[in-house]
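Everything on this sheet refers to the single structure shown next.
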């Protein structure tokens with residue numbers, strides 16, 4: 904019996920191998936993120952916010968420290 908090309912049985916199951924690869928990837932991502940992914944996300948966001956301001960805060964602290972040293 905002749906099948907149209909799109910309905911012909913394939914010797915390679917691409918869908919199954921893609922599904923297995925996706926499942927493996929999802930499992931690796933879940934393992935990499937640990938038990939508390941939402942908390943980790945919030946901490947990363949807070950760290951990014953603080954990192955941009957840490958130099959400014961250090962400079963302000965030095966200026967205040969110098970001000971107290973001169974005043975004393």
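In the working numbering, the protein residues as written are 904 to 975.
Glycine included, C-beta positions come from ideal geometry on N, C-alpha and C.
In the three-state DSSP reduction, residue 943 falls in the helix class (H, G or I). Assigned with DSSP and collapsed to three states, residue 968 falls in helix. The three-state secondary structure of residue 955, taken from DSSP, is helix.
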